[in-house]
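Trainee:
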Amino acid sequence: MKKKKKNLFFPLIIIILFIFIFYFINFKRKYELKIFINKINNYINVEEFYIYGTHLNIKINNKLEKPILILKSSYNEIKYELVLDNDNYILSSKLNEGIDLEKLDNDRYYIIIKDNDKYYNLVNNTNYNNLTYYSISDKKIDLNFNENMILNIEDYKTPSDIYDIVIDAGHGGIDSGATSFGYNESTLTLEYSKSIKKYLEKLGYKVKLTREDDTYLKPYGTNSRTSIPYEVKAKYLFSIHFNSSESYISNNGFEIYIPNNINYDLANSLVNKIKSIGINTSTNTSFKVNDGIYLRNLSKTDINNMKNEAIKNGYEMYNADTSTPYLYMIRETGGFMTKAYIDGRNTKYDKNNYYNSNIGSESYLLELGYINNKNDINFIINNKDNYSKVIAYGIDEYIKNT
Ligand SMILES: [Zn+2]
-6 MKKKKKNLFF PLIIIILFIF IFYFINFKRK YELKIFINKI NNYINVEEFY IYGTHLNIKI
54 NNKLEKPILI LKSSYNEIKY ELVLDNDNYI LSSKLNEGID LEKLDNDRYY IIIKDNDKYY
114 NLVNNTNYNN LTYYSISDKK IDLNFNENMI LNIEDYKTPS DIYDIVIDAG HGGIDSGATS
174 FGYNESTLTL EYSKSIKKYL EKLGYKVKLT REDDTYLKPY GTNSRTSIPY EVKAKYLFSI
234 HFNSSESYIS NNGFEIYIPN NINYDLANSL VNKIKSIGIN TSTNTSFKVN DGIYLRNLSK
294 TDINNMKNEA IKNGYEMYNA DTSTPYLYMI RETGGFMTKA YIDGRNTKYD KNNYYNSNIG
354 SESYLLELGY INNKNDINFI INNKDNYSKV IAYGIDEYIK NT
């Protein structure tokens, strides 16, 4: 008996037809978008653009009324209000705000400006060109200036040499840091850094340590403490330290040092998590801006000392002011956004090859308690596992909630 064959002809035709319609609509929408963009014949200069941590910020120069920045693709339109920043408009005056690159859907977006009913294309007026960002969420984000400013986002397995977070174990080798009650700061920072790394990895992050053993790391130059975060394109950097105070002050508690000009969301997340396990925020009042949060910029005295050193050694004074971060790990890992200045003019140090970069890590320095305070050191020694765990959870909570 002959087997009856099913007729596949009609279902196949219908499937092909649907695919055709789908491609046709897609093509039509892309074409219409291109026509729309090409019709825009007003232009505005981009004076600055950078990625700090996970956020893209764009600064434009025109005197507009109420400009809105639009990411426009064939199916999406995302709007951002711009804010005044002296004579310019910027997405946010805070470094860690702007366009959250971790939250955008895959697409090809034109970046344009709308003011009242007028549209503007963006022209690159900076010394910087295209940028590539590998997100925590396994996406590759390319920012291109060709005829237009374009943001292209696609799924992409993060390359093995790219990391999400760098944990810096402070000090090491000949530099033992603070010592008290028989403990070395450099040993404790390494133990804590390894433990924080372990918990962050459990939460799914790719984590790189600046050092894996008791070795000395030079501050600048290739394979240095400040170059590693750039080399691995880290979104976040946490430098781990333990404090020590003069015996007549006897401070205690933990301090989180932040860069200048950021929102405190991540720092607050860390403060709340750490407090919950029973160590208090620091009693130190110098440079304190919030409970447990510290901001130290260069003082006028620091700047004068720098000037004197420049004169003595015959180089031109650095471009630094009282909004420049004091801590080099915070300042030199954030590119021009955090006013990194180690550019090789002082031959005492290797050059920070990335001092002028427009892509940098969102960096924090954590002083996890006073090594010369009896209560603090007991807590540090007896709660290593729990302490590092809540730090990892605090970081994770911020990243997931932004
Ligand atoms: Zn230290």
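Following the working numbering, the numbering of the sequence shown begins with -6 at its first residue and continues without gaps.
Glycine is no exception: its CB is placed at the ideal position from the N, C-alpha and C atoms.
(1) How long is the line joining the alpha carbons of Y73 and L181, rounded to whole angstroms?
(2) Name the one or two DSSP bridge partners that G165 has.
(3) Does the Cβ-Cβ distance between I53 and N114 come in under 8 Å?
(4) Considering just the uninterrupted stretch of the alpha helix (DSSP H) at I410, what are its terminal residues?
(5) Tell me whether the stretch 328 to 344 and the stretch 303 to 318 touch, counting them as touching only if at least three CB pairs, one residue from each stretch, are closer than 8 Å.
(6) Can you list, in chain order, the residues of its chain with a C-beta nearer than 7 Å to that of I290? Leave out the 5 residues immediately preceding and following it.
(7) If the criterion is Cβ atoms closer than 8 Å, does the pair S238 and N371 meet it?
(8) Would you kindly report the start and end of the unbroken alpha helix (DSSP H) that includes G214?
(9) Please return the same chain residues whose Cβ sits closer than 7 Å to the Cβ of E41, not counting the five positions on each side in sequence.
(10) Apart from the five residues just before and just after S169, which ones in its own chain have a Cβ nearer than 6 Å to its Cβ?
(11) Opposite I63 in the DSSP bridges: which residues?
(12) I need the residues with a C-beta less than 6 Å from some heavy atom of ligand 1; please give them in chain order.
(13) Return the first residue and the last residue of the alpha helix (DSSP H) that I12 is part of.
(14) Could you tell me if N236 is buried or exposed, where buried requires 16 or more neighbouring beta carbons within 10 angstroms of its beta carbon?
(15) Of all the options I296, D378 and D295, which has the alpha carbon lying nearest to the alpha carbon of I270?
(16) Would you say the stretch 186 to 199 touches the stretch 158 to 166, given that touching needs at least three Cβ pairs under 8 Å?
(17) What is the rounded straight-line gap between the Cα of L259 and the Cα of S232?
(18) In or out: Y209 buried (at least 16 other Cβ within 10 Å) or exposed?
(19) Quick one: using the 10 Å Cβ neighbour count with 16 as the cut-off for buried, is D369 buried or exposed?
(20) CB V39 to CB V116, shorter than 8 Å?
(21) Mark G77 as exposed unless 16 or more other C-beta atoms lie within 10 angstroms of its C-beta, in which case mark it buried.
(22) Run the CB neighbour count on T215, radius 10 Å, all protein chains shown included, and call it buried at 16 or more, exposed below.
(23) In terms of residue numbering, what span does the beta strand (DSSP E) encompassing Y149 cover?
(24) Can you give me the Cβ contacts of S69 inside the same chain, cut-off strictly under 8 Å, excluding the 5 residues immediately before and after it?
(25) If I'm right that S381 touches Y121 with Cβ under 8 Å, what's the distance once you round it to whole angstroms?
(26) Output yes or no for whether 8 Å exceeds the beta carbon distance between N19 and I37.
(27) Please confirm whether L124 and I14 have their CB atoms less than 8 Å apart.
(28) Which runs of the alpha helix (DSSP H) at least 4 residues long sit entirely within the stretch 294 to 353? Give them in chain order.
(29) On the three-state DSSP scale, how would you describe K132?
(30) Under 8 Å by Cβ, that's how I've got I92 and H48 pegged, so tell me the actual separation to the nearest angstrom.
(31) Measuring only the C-alpha atoms, how far is Y16 from L5?
(32) Report the option in G46, L10 and N0 whose CA atom is closest to the CA atom of N351.
Mentor: The relevant details are as follows:
(1) For the purposes of this step, residue 73 is identified with residue 80 of the sequence shown, where counting begins at 1. For the purposes of this step, residue 181 is identified with residue 188 of the sequence shown, where counting begins at 1. So the two alpha carbons sit approximately 44 Å from each other.
(2) Locating residue 165 in the sequence shown gives position 172, where the first residue counts as 1. For G165, which the question treats as bridged, DSSP gives the partners D168.
(3) Within the sequence shown, the letter at position 60 stands for residue 53. Within the sequence shown, the letter at position 121 stands for residue 114. Result no, Cβ atoms of I53 and N114 do not sit closer than 8 Å.
(4) In this structure the chain extends from -6 to 395, so residue 410 is not present and cannot be described.
(5) yes
(6) Residue numbering aside, residue 290 sits at position 297 when the sequence shown is read from its first letter. Looking at the sequence itself, residue 290 is Asn, so the reference to Ile does not match. Closer than 7 Å at Cβ, skipping near neighbours: N253, T315, S316, T317, P318 and Y319.
(7) Taking the first residue of the sequence shown as 1, we reach residue 238 at position 245. Taking the first residue of the sequence shown as 1, we reach residue 371 at position 378. Result no, Cβ atoms of S238 and N371 do not sit closer than 8 Å.
(8) Position 221 of the sequence shown, counted from the start, is the residue given in the question as residue 214. Premise fails: G214 is in no alpha helix (DSSP H) and is neither H nor E.
(9) Walking along the sequence shown from the start, residue 41 turns up at place 48. The residues are K52 and T119.
(10) Residue 169 sits at position 176 when you count from the first residue of the sequence shown. Only N177 and S179 meet the Cβ criterion.
(11) Translated into positions along the sequence shown, residue 63 becomes position 70. For I63, which the question treats as bridged, DSSP gives the partners K72 and I105.
(12) G163, H164, G170, E178 and H234
(13) Against the sequence shown, residue 12 aligns to sequence position 19. First-last of the alpha helix (DSSP H) with I12: F2 to K32.
(14) Position 243 of the sequence shown, counting from 1, holds the residue named residue 236. Per the 10 Å Cβ criterion, buried.
(15) The residue you call residue 270 lines up with position 277 of the sequence shown. I270 has its Cα closest to that of D378, out of I296, D378 and D295.
(16) yes
(17) Numbered from 1 along the sequence shown, position 266 holds the residue referred to as residue 259. Numbered from 1 along the sequence shown, position 239 holds the residue referred to as residue 232. Taking the straight line from one Cα to the other gives about 14 Å.
(18) Along the sequence shown, one-based indexing puts residue 209 at 216. Exposed.
(19) Translated into the one-based positions of the sequence shown, residue 369 becomes position 376. D369 should be labelled buried.
(20) Residue 39 sits at position 46 when you count from the first residue of the sequence shown. Residue 116 sits at position 123 when you count from the first residue of the sequence shown. Contact: yes.
(21) As a first step, residue 77 is located in the sequence shown; it is residue number 84 there, counting from the start. Correcting the residue type first, residue 77 is Leu in the shown sequence and not Gly. Exposed, by the Cβ-count rule.
(22) Along the sequence shown, one-based indexing puts residue 215 at 222. Label assigned to T215: exposed.
(23) As a first step, residue 149 must be located in the sequence shown, where it is residue number 156. Here Y149 belongs to no beta strand (DSSP E), and DSSP marks it neither H nor E.
(24) Numbered from 1 along the sequence shown, position 76 holds the residue referred to as residue 69. In the sequence as presented, Ser is not what sits at residue 69; that position holds Asn. Answer for N69: D98, D100 and Y102, listed in chain order.
(25) On the sequence shown, position 388 is the one that residue 381 refers to. On the sequence shown, position 128 is the one that residue 121 refers to. Between Y121 and S381 the Cβ distance is about 37 Å, and since that is not below 8 Å, they are no contact.
(26) Start at 1 with the first residue of the sequence shown, and residue 19 comes out as number 26. Start at 1 with the first residue of the sequence shown, and residue 37 comes out as number 44. No, they are not a contact pair.
(27) As a working mapping, residue 124 is identified with position 131 in the sequence shown. As a working mapping, residue 14 is identified with position 21 in the sequence shown. No, Cβ-Cβ distance for L124 and I14 is not below 8 Å.
(28) 321 to 324
(29) Taking the first residue of the sequence shown as 1, we reach residue 132 at position 139. If DSSP states are grouped into helix, strand and coil, K132 belongs with the strands.
(30) On the sequence shown, residue 92 is found 99 positions in, with the first residue counted as 1. On the sequence shown, residue 48 is found 55 positions in, with the first residue counted as 1. Indeed, because the Cβ distance is near 6 Å, the residues count as touching under 8 Å.
(31) As a position in the sequence shown, residue 16 is number 23, starting the count at 1. As a position in the sequence shown, residue 5 is number 12, starting the count at 1. Distance between the alpha carbons of Y16 and L5 is about 17 Å.
(32) Here residue 351 refers to the residue found at position 358 of the sequence shown. When only C-alpha atoms are compared, the closest one is G46.
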